[in-house]
Amino acid sequence: MTLLRVEEMSIEFGGVHAIEDLSFVIEPGAIHSIIGPNGAGKTTLFNLITGLYRASRGRIMFEDRDIGGQPPHRLARLGLSRTFQNLQIFFRMTAIENVMVGRHLHESRNVLAHLLRLPAVVRQNQRTSAKARELLDFVGLADDADVAAGAMPYGALKRLEIARALAVEPKMLLLDEPAAGCNPVETQEIDHLIQQIAKTGVTVVLVEHDMRLVMNVSTHILVLDAGRKLAEGSAAEVRANPAVIAAYLGAQGQRELARAQG
Amino acid sequence: MSEFLQFLFSGITIGAVYAMVALGFTIIYSASDVINFAQGEFVMLGGMCTVFLAAAGVPLPIAALLAIVITAGVGAALCKLAIEQARGASVVALIIITIGASVFLRGIAQVVFDKQLHRLPAFSGEQPILIGGATLLPQSLWVLGGAGVIVIALHRFFRRTLFGKAILAAAQNRQAARLVGININLVMLSSFALSAAIGALAGILVTPITLTSYDVGTMLALKGFAAAMLGGMGNPVGAIVGGLLVGVAEAMGAGYISSDYKDAAAFLIILAVLSFLPQGLLGARIRERV
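Protein chains in written order, with my numbering: chain W, 1 to 262; chain Z, 1 to 290.
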């Protein structure tokens, strides 16, 4: 079954066609990347898929279910989670509390049992905190569990946000520039982490500017330019596509490249 | 000494009411950044609904319970019909909407009820208790007890229940809260209903002492606001401390200086806090991450 199917989707901001008549599918498993020059509509596309924006035309199907216009908290329930380009962290909580909030949908919501702190509730809290610790360990933050998020460095917060997104137990995880602002060592750690996540069976969709990272991890790449699909395929196919080279380097660069390849 | 004790008692009693109003401000502010100036009207509605239901022959405890439910419904309606419709408007615009709602509710109360002063019988007699030469009304104990129960119940609710924690999470970062599956609209709706219910309870408890009428809400909202500002907006403990301080300052001012300037105490506190301590006594000193 196709995990995500986008059909002829468009959205405009004022007169600007941010996404125009875009169709593509994402099959379950593996790592999919969405690339394109600045302003190509990558983040807009993420915001459409995760329910922050509403498409003016077209359909978005998640597991053959139309999810157009669903609010984000409903999508979380269906198995869709994401991280943000600019961090969205609970800064006044500790690292482990941030991840525990991610378990929200997996906890019982019996108010009375919680108020009375019944044994079942205590056990549930222990389970949640154990699961959160496991996830922190998975992203390499085991030692920072009780550190206030506000006091953690940027690279660690990037991974903390991924741990929280994973706590939702998504089927599909959308990462919006996970390596932006990271140094080469941190980028390599993220690279490794993304592959680990894919191995657990979560479908990863990636928006990223770091081409080395993208080419390294992606099994499938979608190239956007000015809100339209420019190309699609494996890393090797996309790299060899003249239209992609033109969009990234411009016609001038293309001529130079041709000369260099001579 | 007995004079001082007398002023202290009346200050703490009225302070407990301000503290409950301030708690209402705090809950809505936490969940939505909105300062709800219709908070005083919730207090008025609690008192007035109880008075009129009791007059219609409903037994007092049931009348009080119904009044709380009705007021919570009004709070939810305010959120659903006014605040939610203006989604995406700036916080200042939302605050202006609540001022409008306050005027609207006052007008409705004038029509549905009347313009008279009303009172309720004290819950457990009028016989004052003598302590150290000062007198304490039994109703004051009801007010203090009510405020105490609310504080403990709220604390438990926010610390222990999943829904309480969800409200706290949404207060910290809405975007992130939605992402993990928290329904923000539901959080907003219940914070308005909860604040309204707490306001209504305050109104019911204090009516036997201070009387009530359709327009008591304005002054209560301003004083509760002063209390919330003093304690630090968004901090429940601060709301309690601020409420008691404003109440005691008012009673001392009225007793030792002049009762003509009773209401001035709260406004002097607002001015002083805004000029010298804009975060309040216990407010978080948040530094924006850049």
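Glycine is no exception: its CB is placed at the ideal position from the N, C-alpha and C atoms.
Assigned secondary structure, residue i (DSSP; H/G/I helix, E/B strand, else coil)
{"i": "Glu232/W", "result": "strand"}
{"i": "His263/W", "result": "Given a span of 1 to 262 for chain W in the structure shown, any question on residue 263/W remains unanswerable."}
{"i": "Thr203/W", "result": "strand"}
{"i": "Phe24/W", "result": "strand"}
{"i": "Val244/W", "result": "helix"}
{"i": "Thr212/Z", "result": "strand"}
{"i": "Ser33/W", "result": "strand"}
{"i": "Phe13/W", "result": "strand"}
{"i": "Ile12/Z", "result": "helix"}
{"i": "Ile60/W", "result": "strand"}
{"i": "Leu118/W", "result": "coil"}
{"i": "Arg82/W", "result": "strand"}
{"i": "Val290/Z", "result": "Note on Val290/Z: pLDDT 43, under 50, position unreliable in the model; no value is reported."}
{"i": "Arg268/W", "result": "Lying outside 1 to 262, the shown extent of chain W, residue 268/W is not represented and no answer is given."}
{"i": "Asp33/Z", "result": "coil"}
{"i": "Leu173/W", "result": "strand"}
{"i": "Val147/W", "result": "coil"}
{"i": "Val58/Z", "result": "coil"}
{"i": "Val6/W", "result": "strand"}
{"i": "Asp225/W", "result": "strand"}
{"i": "Asp66/W", "result": "strand"}
{"i": "Ala130/Z", "result": "For the record, residue 130/Z in the displayed sequence is Leu; it is not Ala. Residue state, collapsed to three classes: strand."}
{"i": "Ala163/W", "result": "helix"}
{"i": "Leu52/W", "result": "coil"}
Minimum Cβ-Cβ distance from residue i to chain Z less than 8 Å
{"i": "Gly233/W", "result": "no"}
{"i": "Arg117/W", "result": "yes"}
{"i": "Val122/W", "result": "no"}
{"i": "Arg109/W", "result": "yes"}
Residues that residue i contacts on chain W, provided the C-beta gap is smaller than 9 Å
{"i": "Lys180/Z", "result": "Lys is not the amino acid found at residue 180/Z; the sequence shown has Val there. Ordered by position in chain W, the residues that pass the 9 Å Cβ test against Val180/Z are His73, Ala76, Ser81, Val101, Gly102, Arg103, His104, Leu105, Arg164, Ala165, Ala167 and Val168."}
Beta carbon proximity, residue i to chain W, threshold 8 Å
{"i": "Arg106/Z", "result": "no"}
{"i": "Thr161/Z", "result": "yes"}
{"i": "Val290/Z", "result": "Low confidence applies here, because Val290/Z scores a pLDDT of 43, under 50, leaving its location unreliable; read the following figure in that light. Not one chain W Cβ lies under 8 Å of Val290/Z."}
{"i": "Ala169/Z", "result": "yes"}
{"i": "Asn235/Z", "result": "no"}
{"i": "Ala227/Z", "result": "no"}
{"i": "Arg156/Z", "result": "yes"}
{"i": "Gly280/Z", "result": "no"}
Chain-ordered chain Z contacts of residue i [CB-CB under 7 Å]
{"i": "Arg59/W", "result": "Chain Z residues near Arg59/W: none, gap ~22 Å exceeds 7 Å."}
{"i": "His114/W", "result": "Arg160, Thr161 and Leu162"}
Partner residues on chain W for residue i, Cβ-Cβ distance less than 8 Å
{"i": "Asn173/Z", "result": "Gln88, Ile89, Phe90 and Phe91"}
Test item: CB-CB of residue i and residue j under 8 Å
{"i": "Phe9/Z", "j": "Leu136/Z", "result": "yes"}
{"i": "Ala247/W", "j": "Asp225/W", "result": "yes"}
{"i": "Arg160/Z", "j": "His114/W", "result": "yes"}
{"i": "Gly224/Z", "j": "Gly15/Z", "result": "no"}
{"i": "Leu48/W", "j": "Ile26/W", "result": "no"}
{"i": "Ala55/W", "j": "Met9/W", "result": "yes"}
{"i": "Glu161/W", "j": "Thr83/W", "result": "yes"}
{"i": "Thr26/Z", "j": "Leu45/Z", "result": "no"}
{"i": "Gly247/Z", "j": "Tyr18/Z", "result": "yes"}
{"i": "Leu222/Z", "j": "Ala266/Z", "result": "yes"}
{"i": "Gly231/Z", "j": "Val43/Z", "result": "no"}
{"i": "Ala163/W", "j": "Val139/W", "result": "yes"}
{"i": "Gly181/Z", "j": "Leu105/W", "result": "yes"}
{"i": "Ile96/W", "j": "Ala132/W", "result": "yes"}
{"i": "Ala200/Z", "j": "Val187/Z", "result": "no"}
{"i": "Ser81/W", "j": "Pro184/W", "result": "no"}
{"i": "Ala18/W", "j": "Ala198/W", "result": "no"}
{"i": "Phe91/W", "j": "Ala167/W", "result": "no"}
Closer than 7 Å at the beta carbon, the chain W residues around residue i
{"i": "Ala166/Z", "result": "His104"}
{"i": "Ala176/Z", "result": "Gln88, Ile89 and Phe90"}
Closer than 9 Å, Cβ to any Cβ of chain Z: which residues of the stretch 81-95 of chain W, in chain order?
Across the stretch 81-95 of chain W, CB contacts with chain Z closer than 9 Å involve Ser81, Arg82, Thr83, Phe84, Leu87, Gln88, Ile89, Phe90, Phe91, Arg92 and Met93, in sequence order along the chain.
In chain order, what residues of the stretch 77-91 of chain Z put their CB closer than 7 Å to some CB of chain W?
Within the stretch 77-91 of chain Z, not one residue has a Cβ closer than 7 Å to any Cβ of chain W.
Listed from N- to C-terminal order along the chain, which residues in the stretch 32-57 of chain Z have their beta-carbon within a distance smaller than 9 Å of any beta-carbon of chain W?
Result list empty, no residue passes.
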